[in-house]
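Written below as structure tokens is the structure these notes are about.
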Amino acid sequence: MMFDCLAFGEVMLRFDPGDTRIATAETFKVWEGGGEYNVVRGLSHCFGKRTAVVTALVENEIGRLIKNRISAGGVNTDLIQWLPYDGIGESCRNGIYFLEKGFGLRPAVGASDRGHSAISQLQPGQIDWEHIFGKCGVRWFHTGGIMAGLSRSSAAVVLEAMQAARSHGTIVSYDLNYRPSLWQRFGGKDKAKEVNQMLLPHVDVLFGIEELERSPEGLETELFRQAILKTAETHPQLKTIASTMRVVKSANVNDWSGLLWHEGDFHQGVRFENLEIYDRVGAGDAFAAGIIHGRLENLPLQKTIDYGVVHGALAMTTPGDNSMFSLPELDRLLATKDAGVLR
Numbered sequence: 043m044m045f046d047c048l049a050f051g052e053v054m055l056r057f058d059p060g061d062t063r064i065a066t067a068e069t070f071k072v073w074e075g076g077g078e079y080n081v082v083r084g085l086s087h088c089f090g091k092r093t094a095v096v097t098a099l100v101e102n103e104i105g106r107l108i109k110n111r112i113s114a115g116g117v118n119t120d121l122i123q124w125l126p127y128d129g130i131g132e133s134c135r136n137g138i139y140f141l142e143k144g145f146g147l148r149p150a151v152g153a154s155d156r157g158h159s160a161i162s163q164l165q166p167g168q169i170d171w172e173h174i175f176g177k178c179g180v181r182w183f184h185t186g187g188i189m190a191g192l193s194r195s196s197a198a199v200v201l202e203a204m205q206a207a208r209s210h211g212t213i214v215s216y217d218l219n220y221r222p223s224l225w226q227r228f229g230g231k232d233k234a235k236e237v238n239q240m241l242l243p244h245v246d247v248l249f250g251i252e253e254l255e256r257s258p259e260g261l262e263t264e265l266f267r268q269a270i271l272k273t274a275e276t277h278p279q280l281k282t283i284a285s286t287m288r289v290v291k292s293a294n295v296n297d298w299s300g301l302l303w304h305e306g307d308f309h310q311g312v313r314f315e316n317l318e319i320y321d322r323v324g325a326g327d328a329f330a331a332g333i334i335h336g337r338l339e340n341l342p343l344q345k346t347i348d349y350g351v352v353h354g355a356l357a358m359t360t361p362g363d364n365s366m367f368s369l370p371e372l373d374r375l376l377a378t379k380d381a382g383v384l385r
């Protein structure tokens with residue numbers, strides 16, 4: 043196998059205004075990010091896995107910047123699809139988005155500029171999935187609802203990839219990752235659910251649950267258990283379902299944990315109450331990376347969910363979408379829960 047995990051999704055440039063607001067910013071820090079890509083970035087950087095991303099970029103300076111950022115994160119870029127640049131980005135372009143972190147009563151706010159992006163133009167038959175899964179070899183394939191919602195053709199390309207992966211024995215995971223800004227053009231949440239129902243029969247591992255009957259007031263495990271059991275009953279082929287458990291007290295204080303269901307057994311992750319947050323974006327992706335690492339290494343299920351929760355918690359303490367942590371740092375936090383200075 044050439045890759046431990048392969049992701050399929052859009053990779054954008056994120057413009058971060060720091061401690062100020064988007065509308066009043068004078069400078070921005072630039073990061074790369076994307077819901078599916080963030081998972082393999084965490085698997086590579088923190089867990090030492092061999093990863094790659096299938097995405098599409100326009101061949102210009104912005105596309106090369108994104109590609110260089112991906113490479114710097116240890117993710118293989120050989121499978122990027124390059125589209126020609128028309129000079130102004132009218133036919134296709136590289137996606138960007140702006141995100142301010144929020145603080146206290148002020149929530150995080152994002153503004154995407156990703157219409158007609160290169161990857162949204164992909165059609166079934168344009169990517170040689172047989173070569174990727176049959177010749178290169180992939181242990182685990184990860185994609186999600188963000189990729190499926192990019193355009194009217196995106197879900198069909200996702201389905202094509204899932205079917206090819208499963209035909210070669212590759213584990214397929216899918217993160218629901220509902221984004222109202224993507225789906226409002228196509229019918230909103232109802233359309234997203236319709237697409238999910240088409241894709242989920244081809245999924246082995248699911249991240250997230252579509253909805254709870256009511257929002258939890260605390261880390262009430264039973265609410266999450268019932269929602270997961272309902273999903274497992276509806277989709278009996280699922281082997282594993284994992285969900286973060288988050289209660290937002292303010293933009294920078296959350297309760298945080300996670301729940302893992304595997305073939306009928308539940309495992310509750312370590313709990314962090316009143317967790318102080320620097321930047322919440324990418325926590326769920328870091329959580330997924332921890333779960334995938336645990337399953338690839340056949341770790342005990344309790345260790346697996348704990349890795350997911352701790353990786354997600356630490357990812358919220360640094361700026362940007364992606365993990366900046368090592369596996370020994372996760373092990374130390376799990377063992378001590380100590381934030382004392384190290385020197």
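Just so we're aligned, residue 43 is where the sequence shown starts under the numbering used here, counting upward by one. C-beta: ideal position from N, C-alpha, C; glycine also. Quantities reported herein were computed from a predicted structural model and do not represent experimental measurements.
Smallest Cα separation from residue i: which of the options?
i, options, result
"Gly76", "Thr97, Val295 and Pro222", "Thr97"
"Ile386", "Ala293, Phe50, Val323 and Leu218", "As displayed, the chain neither begins before 43 nor continues past 385, which places residue 386 out of reach and without an answer."
"Ser209", "Gly186, Ser223 and Val245", "Val245"
"Val180", "Met43, Pro258, Arg337 and Leu376", "Met43"
"Arg288", "Ala377, Glu339 and Val323", "Val323"
"Gly176", "Ser162, Phe145 and Thr212", "Thr212"
"Thr346", "Gln310, Thr359 and Lys379", "Gln310"
"Ile283", "Leu343, Glu259 and Asn316", "Leu343"
"Pro258", "Gly354, Gly186 and Val290", "Val290"
"Ala274", "Glu264, Arg256, Leu242 and Thr263", "Leu242"
"Gly105", "Arg256, Thr93 and Leu55", "Leu55"
"Gln165", "Ser193, Leu141 and Tyr139", "Ser193"
"Arg63", "Arg374, Glu103, Asn102 and Phe140", "Phe140"
Would you call the CB atoms of residue i and residue j closer than 8 angstroms?
i, j, result
"Tyr220", "Ala234", "yes"
"Tyr327", "Phe314", "Per the sequence shown, the amino acid found at residue 327 is Asp instead of Tyr. No, the pair does not count as a contact, with Cβ atoms beyond the cut-off."
"Ser86", "Val117", "yes"
"Leu271", "Ser299", "no"
"Leu369", "Cys88", "yes"
"Leu147", "Ser292", "yes"
"Leu121", "Val82", "no"
"Asn110", "Asp363", "no"
"Phe228", "Ala203", "no"
"Pro361", "Asp307", "no"
"Ala150", "Lys143", "yes"
"Arg156", "Gly137", "yes"
"Asn340", "Ile319", "no"
"Val237", "Ala190", "yes"
"Gln163", "Leu125", "yes"
"Ala357", "Leu317", "no"
"Val352", "Leu372", "yes"
"Val312", "Leu254", "no"
"Thr119", "Phe45", "no"
Roughly how many angstroms lie between the CA atoms of residue i and residue j, to the nearest whole one?
i, j, result
"Leu302", "Gly129", "48 angstroms"
"Ile174", "Gly250", "27 angstroms"
"Ala160", "Arg135", "5 angstroms"
"Leu280", "His304", "9 angstroms"
"Ala330", "Ala207", "19 angstroms"
"Val100", "Leu107", "11 angstroms"
"Phe266", "Leu218", "15 angstroms"
"Ser113", "Trp225", "30 angstroms"
"Glu74", "Ser215", "22 angstroms"
"Pro222", "Ser195", "18 angstroms"
"Phe57", "Thr276", "40 angstroms"
"Gly187", "Leu248", "11 angstroms"
"Glu78", "Thr378", "31 angstroms"
"Lys71", "Asp61", "11 angstroms"
"Ile333", "Gly115", "19 angstroms"
"Pro59", "Pro278", "44 angstroms"
"Gly84", "Trp171", "23 angstroms"
"Asp348", "Ala325", "14 angstroms"
"Thr69", "Phe367", "26 angstroms"
"Asp232", "Glu252", "11 angstroms"
"Phe205", "Met240", "Note that residue 205 is Gln in the sequence shown here, rather than Phe. Straight-line Cα distance between these residues: approximately 12 angstroms."
"Leu90", "Gly350", "A small correction: the amino acid at residue 90 is Gly; Leu does not occupy that position in the sequence shown. Between Gly90 and Gly350, the C-alpha separation is close to 15 angstroms."
"Ser256", "Glu264", "Note on identity: in this sequence residue 256 is Arg, with Ser being the wrong assignment. Cα to Cα, Arg256 sits roughly 12 angstroms from Glu264."
On the DSSP letters alone, give me the boundaries of the alpha helix (DSSP H) that residue i sits inside.
i, result
"Thr263", "Thr263 to Thr276"
"Met189", "Gly187 to Ala190"
"Ser113", "Glu103 to Ala114"
"Asp373", "Leu369 to Thr378"
Is there a Cβ of chain D sitting closer than 8 angstroms to that of residue i, yes or no?
i, result
"Ser133", "Included in the structure is just one protein chain, with no chain D present."
On the DSSP letters alone, give me the boundaries of the beta strand (DSSP E) that residue i sits inside.
i, result
"Glu142", "Ile138 to Glu142"
"Ala49", "Phe45 to Phe50"
"His57", "First, the residue type needs correcting, since residue 57 is Phe and not His in the sequence shown. Here the beta strand (DSSP E) through Phe57 covers Met54 to Asp58."
"Gly123", "It should be noted that the sequence gives Gln, not Gly, for residue 123. Looking at the DSSP string, the run of the beta strand (DSSP E) that includes Gln123 is Gln123 to Leu125."
Regarding residue i and the ligand PLP, is the C-beta to nearest heavy atom distance less than 7 angstroms?
i, result
"Gly129", "Ligands are entirely absent from the displayed structure, and the ligand PLP is therefore not among its contents."
**OP:** At 3 residues or longer, and completely inside the segment 292 to 348: list those beta strand (DSSP E) runs for me, N to C.
**Re:** 295 to 304, 307 to 310 and 314 to 318
**OP:** Could you name each continuous beta strand (DSSP E) segment of 3 residues or more that falls completely within the segment 75 to 99, going from the start of the chain to the end?
**Re:** Segments of the beta strand (DSSP E) lying fully in the segment 75 to 99: 93 to 96.
Subject >> Continuous alpha helix (DSSP H) assignments of at least 4 residues falling wholly in the segment 203 to 252 >> reply: 222 to 225 and 230 to 241
**OP:** Jot down the residue ranges of each uninterrupted beta strand (DSSP E) in the segment 135 to 183, minimum 3 residues, whole runs only, in chain order.
**Re:** 138 to 142 and 151 to 155
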